[in-house]
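Chains as they are written, first to last, in this note's numbering: chain A, 5 to 274; chain B, 5 to 274.
Glycine included, each C-beta is placed from N, C-alpha and C at the ideal position.
Every value quoted in this text rests on a predicted model; they were computed, and no experiment measured them.
Have a look at the structure below before the remarks.
There are 2 protein chains.
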Amino acid sequence: MNFIRALNSVWRENNTLLCIGLDPDPAKFPAHLQHRPDAIFEFCRAIVDATADLVCCFKPQIAYFAARRAEDQLEALIEHIHIRHPATPVILDAKRGDIGSTAEQYAIEAFERFQADAVTINPYMGRDSIEPYLAYRDKGIILLCRTSNPGGSDLQFLDVGGEKLYERVARLVSKEWDVNGQCALVVGATFPSEIARVRTLIGDMPLLVPGIGAQGGDIETTVRAGCTPSGVGLIINSSRAILYAGKGEDYANTARSVAEATRNAINFHR
Amino acid sequence: MNFIRALNSVWRENNTLLCIGLDPDPAKFPAHLQHRPDAIFEFCRAIVDATADLVCCFKPQIAYFAARRAEDQLEALIEHIHIRHPATPVILDAKRGDIGSTAEQYAIEAFERFQADAVTINPYMGRDSIEPYLAYRDKGIILLCRTSNPGGSDLQFLDVGGEKLYERVARLVSKEWDVNGQCALVVGATFPSEIARVRTLIGDMPLLVPGIGAQGGDIETTVRAGCTPSGVGLIINSSRAILYAGKGEDYANTARSVAEATRNAINFHR
């Protein structure tokens, strides 16, 4: 799968910009899953199978698996998505960032071990720290630009010669680093004017937008600020608001209802 | 173990500022280890046992383990260091960075699963992204400041209101973020004048300095630029130049010889 082409297909064929973030927290699982050894896999698998036609991507967050020694369940989950939902790209949310020789190892982790179609990366160490990922020409490289957390402003909002640091990151990635057209940027939904600003800097490059739902970002302003002229260009992520909408055995159906409502709310404003 | 106190003890009792980075690449292992299922653990264990009296820390790089599905060997390695060399702190080089709820999971990964005494963190997402680590009061939090790779200048060297971004990071960490005295900074050995600049900004805070050896940094300039007035304050890392100095069955002894020479070269200039 080529990530950018697959994303463009699934945006149109599934008519959705919604991405479901898979952040499995066993403390929040329904009771019937609590003591299964594969509870993390099974919790996510049921959500995936109940919602695949409503999303443009799934985005597992590796920290939730690593904290519980469950990398094997993450491998099984991504394999399941590829087999059962082969049109749907998987973004591994890992936010790695290191020098070239170590970045090569992280690229192997993301793309060969876990078979992700795209990975999130931290830009702080500069261009050569992302080159090992770019060598995988079909994969998506999604760089942090303007994050949705309160401390995101500490560095990202600093003025660097007449623009903000996050604007510089957007320009560097789109004009210099992304030589093969395989990059995207993370811009939080809590800052719609900054989504709009980044959109003017990067043309049609995809934006991964976390922060709607539990983090409080507004759907209408996000869509208006970030869509491309043809009404795509956004990967709008929701995690907890969908995953933990239901608490009983039918949690996956409840998740589907919330995902469907979220997709529809997004589409209403496109 | 309290990381900062342990570091101050081992600097003095072992009379060394040297840290050995454990970046195990099976392609470079001696032939007799090549087909062992626990080759990664065993390669590192022999290096550790041969050099523990020469170092102030060991620093395993998690990417090399994760790329090969060898987290279990990393767990076993850190446990081995704690049991056999209980005075020597372990820094998990992971360079994580994410919002609070995910950072909590990464802190569990580093401190509870892997039992590291300190972890490296990326500052791009700001203060609240490091708070979950700071909640572990005995642990060390080592933030990227000025990295040793060529692309390190792309963002870190930008001017932000009369200072460079890496200087702002150094000031933010030492004056605002490090409320419990548990932080340190990464500054590459390839930039000795910047090590000196950071030292003036942060007082006695420890500096983790990668980049001597394979990356070409100079020991004399690093030591003169970075030591505190009492001749400590530095964790000077060498990885490949020590790990892969020998290619035969006696590779651990060869590693010891190089480590000893490196420690002595550092001490000559203190």
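At a cut-off of 7 Å, the C-beta of A:G155 has a neighbouring C-beta in chain B. 7 Å or more divides the Cβ of B:F62 from the Cβ of B:I87. If you compare the alpha carbons of A:N18, A:C48, A:N126 with that of A:G25, the shortest gap goes to A:C48. In the DSSP assignment, B:C48 falls outside any beta strand (DSSP E) and lies within the alpha helix (DSSP H) extending over 43 to 55.
Going by C-alpha positions, B:L247 is about 7 Å away from B:I51. Between B:I125 and B:R100, the C-beta gap is smaller than 7 Å, which places the two residues in contact.
Rounded to the nearest angstrom, the gap between the Cα atoms of B:S152 and A:G192 is 29 Å.
With respect to the C-alpha of B:N241, the residue from B:R203, B:E75, B:T194, B:Y137 having the closest C-alpha is B:T194. Judged by their CB atoms, B:D121 and B:F7 are nearer to each other than the 7 Å cut-off. Per the Cβ contact rule, the region 153 to 164 of chain A is in contact with the region 156 to 165 of chain B (3 or more Cβ pairs under 8 Å). By the beta-carbon neighbour count (other beta carbons within 10 angstroms, threshold 16), A:Q77 is buried. In this structure, the straight-line span from the alpha carbon of A:D27 to that of A:A91 is close to 21 Å. Using a CB distance below 8 Å, the part of the region 153 to 183 of chain B facing chain A consists of N153, P154, G155, G156, S157, D158, L159, Q160, L162, D163, V164, G165, L169, R172, V173, L176, ordered along the chain. B:V123: member of the beta strand (DSSP E) spanning 122 to 125, first to last residue. The Cβ of A:M209 sits no closer than 7 Å to any Cβ of chain B. In the DSSP annotation of this structure, the continuous segment of the beta strand (DSSP E) that includes B:S242 starts and ends at 238 to 242.
Note that the C-beta distance between A:G185 and A:D208 is not below 7 Å.
Excluding residues up to 5 positions away in sequence, P127, C149 lie with their Cβ nearer than 6 Å to the Cβ of B:V173 in the same chain. With a threshold of 7 Å between beta carbons, A:A71 makes contact with chain B. Not a single C-beta of chain A is nearer than 7 Å to the C-beta of B:K143. In this chain, B:A139 is not harboured by any alpha helix (DSSP H), its DSSP state being neither H nor E. Shown here, B:G230 sits in a helix according to DSSP, grouped into three states. With respect to B:V227, B:R274 sits close: the two C-beta atoms are nearer than 7 Å.
Assignment of alpha helix (DSSP H) within the region 157 to 183 of chain B, counting only whole runs of 4 or more residues, yields 157 to 160, 169 to 176 in chain order. Residue B:T55 holds the alpha-carbon nearest to the alpha-carbon of B:T258 among B:E198, B:N271, B:R40, B:T55. In the three-state reduction of the DSSP assignment, B:G185 falls in the coil class.
A:Q109 sits buried, since 16 or more C-beta atoms from the chains shown fall within 10 Å of its C-beta. Selection A:K143, A:A80, A:P93, A:I82 evaluated against A:A111 yields A:K143 as nearest (Cα-Cα). Proximity to B:L189 across B:A31, B:S178, B:E75 peaks at B:S178, based on C-alpha coordinates.
Contact between A:C60 and A:L11 holds, since their C-beta atoms are separated by about 6 Å, short of 8 Å.
Judged by DSSP in its simplified three-state form, A:V59 adopts coil rather than helix or strand. Looking from the CA of B:L169, the closest CA among A:A35, A:V262, A:S243, A:G130 belongs to A:G130. For A:L81, the uninterrupted alpha helix (DSSP H) segment begins and ends at 75 to 88. Cβ atoms of A:E79 and A:F33 stay farther apart than 8 Å, at about 20 Å. DSSP, read as helix, strand or coil, puts A:L37 in helix. Chain-ordered, the chain B residues with CB closer than 7 Å to the CB of A:I112 read A71.
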